[in-house]
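Only one structure is covered here, and it is reproduced in the block below.
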Amino acid sequence: MKVVSISILVFILLSFSINPIKTRVKITSKSEVTIKGKSNVNSFECKYDSDCIEDEISVTVTRSNTKILFDGAKISIQSKGFDCRHKMITKDFKKILKADDYSHIEIDLEELVTNKNEITAKICVEIAGVKKQYTVPVTFDSKKRNVKGILKMNIKDFYLQSPKKLLGIVTLNDNVAIDFNLFLQY
Numbered sequence: 001m002k003v004v005s006i007s008i009l010v011f012i013l014l015s016f017s018i019n020p021i022k023t024r025v026k027i028t029s030k031s032e033v034t035i036k037g038k039s040n041v042n043s044f045e046c047k048y049d050s051d052c053i054e055d056e057i058s059v060t061v062t063r064s065n066t067k068i069l070f071d072g073a074k075i076s077i078q079s080k081g082f083d084c085r086h087k088m089i090t091k092d093f094k095k096i097l098k099a100d101d102y103s104h105i106e107i108d109l110e111e112l113v114t115n116k117n118e119i120t121a122k123i124c125v126e127i128a129g130v131k132k133q134y135t136v137p138v139t140f141d142s143k144k145r146n147v148k149g150i151l152k153m154n155i156k157d158f159y160l161q162s163p164k165k166l167l168g169i170v171t172l173n174d175n176v177a178i179d180f181n182l183f184l185q186y
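Just so you know, we're using UniProt numbering here: the sequence shown kicks off at 1 and counts up by one.
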């Protein structure tokens, strides 16, 4: 009886497990990453030069029930690859990111969780040598191979400080939003 129970358990476990799949993924130059923020005077947008992000990465994907686990789904973006459409704002933004000391921002997709019509991504972000995990709601259009989402974060989570201008009269709000619209090839 014990052998039959163990055999049934092994059969059940094996029938529901899915082998990891290796694939290559490329984020195309149609993709957009924009960081949006506000000061007490104005708002700003810093767009990433998407030509700098077009690297192909090898990703291992494992599916289990409502989760999709990823290994190797890490993108590296250049800290100096942002343009805020105003020279001084761009310079200040790169200073906030400590771009001279930390040349890249790492974003590692760890898993996707699907519940009914919602998809959330669990990601790890590394800025200026500090790692933080976030859960971000995303949308995915399989026909266009497009992933969209907005990651809201506080720059102080990464021990970053915003510069104060005009003797502290102009200050940056510590909360920013990273708006991403990624087009994938796989």
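Every residue, glycine too, gets a C-beta built ideally from N, C-alpha and C.
Q: Answer yes or no: does any C-beta atom of chain B fall closer than 8 Å to that of ASP101?
A: Considering every chain present, this structure includes no chain B. It has just one protein chain.
(Q) By the three-class DSSP mapping on this structure, what secondary structure does LYS132 have? (A) Your numbering for residue 132 matches position 132 in the sequence shown. In the three-state DSSP reduction, LYS132 falls in the strand class (E or B).
(Q) Helix, strand or coil for GLY72? Go by DSSP, reduced to three states. (A) Position 72 of the sequence shown, counted from the start, is the residue given in the question as residue 72. It is coil, neither helix nor strand.
Q) Measuring CA to CA, which of GLU32, LEU109, ARG145 and ASP174 is closest to THR120? A) Here residue 120 corresponds to residue number 120 of the sequence shown, with the count starting at 1. Here the closest residue by C-alpha is LEU109.
Q.
Using only CA atoms, which one of PHE70, ASP179, VAL113 and ILE35 lies nearest to THR135?
A. Reading the sequence shown from its first residue, position 135 is the one you call residue 135. Closest in C-alpha terms to THR135, from the list PHE70, ASP179, VAL113 and ILE35, comes VAL113.
Q: With DSSP as the reference, label SER79 as helix, strand or coil.
A: Against the sequence shown, residue 79 aligns to sequence position 79. In this structure, SER79 counts as coil in the three-state DSSP scheme.
Q | DSSP-derived helix/strand/coil call for LYS47 | A | Numbered from 1 along the sequence shown, position 47 holds the residue referred to as residue 47. Of the three classes helix, strand and coil, the one that applies to LYS47 here is strand, per DSSP.
Q) HIS86 bridges to which residues according to DSSP? A) Taking the sequence shown and counting its residues from 1, the one referred to as residue 86 is at position 86. None, per the DSSP bridge assignment.
Q) Shortest alpha-carbon distance to PHE183 belongs to which of ASN19, ASP51, ASN146 and GLN161? A) Against the sequence shown, residue 183 aligns to sequence position 183. The option with the nearest alpha carbon to PHE183 is ASN146.
(Q) If contacts are defined as beta-carbon pairs under 8 Å, then LYS152 and THR139 qualify, I think. What distance do you get, rounded to the angstrom? (A) Locating residue 152 in the sequence shown gives position 152, counting from the first residue. Locating residue 139 in the sequence shown gives position 139, counting from the first residue. Their Cβ separation, rounded to whole angstroms, is 16 Å, which puts LYS152 and THR139 out of contact at 8 Å.
Q. So what does DSSP say about LYS94, is it helix, strand or coil?
A. Looking up residue 94 in the sequence shown gives position 94. Residue state for LYS94 is assigned as helix, using DSSP reduced to three classes.
Q. How many angstroms separate the CA atom of THR66 from the CA atom of PRO163?
A. Locating residue 66 in the sequence shown gives position 66, where the first residue counts as 1. Locating residue 163 in the sequence shown gives position 163, where the first residue counts as 1. A straight line joining the alpha-carbon of THR66 with that of PRO163 spans about 43 Å.
(Q) For a quick check, are the C-beta atoms of ILE178 and ILE150 less than 8 Å apart? (A) Here residue 178 is taken as the residue at index 178 of the sequence shown, counted from 1. Here residue 150 is taken as the residue at index 150 of the sequence shown, counted from 1. Yes, the Cβ-Cβ distance between ILE178 and ILE150 is below 8 Å.
Q. Three or more beta-carbon pairs under 8 Å between the segment 35 to 49 and the segment 64 to 82, yes or no?
A. Short answer: they touch.
Q: Classify GLY37 as buried or exposed, calling it buried when 16 or more other Cβ atoms lie within 10 Å of its own Cβ.
A: Here residue 37 refers to the residue found at position 37 of the sequence shown. The residue in question, GLY37, is buried, as its Cβ has 16 or more Cβ neighbours within 10 Å.
Q: Assign ILE21 to buried or exposed, taking buried as 16 or more other Cβ atoms, counted over all protein chains shown, within 10 Å of its Cβ.
A: On the sequence shown, position 21 is the one that residue 21 refers to. Counting Cβ neighbours within 10 Å, ILE21 comes out exposed, since fewer than 16 surround it.
Q.
Here's the rule I'm using: 16 or more other beta-carbon atoms within 10 Å means buried, otherwise exposed. How should SER31 be labelled?
A. Counting from one through the sequence shown, the residue named residue 31 turns up at place 31. With 16 or more other Cβ atoms within 10 Å, it is buried.
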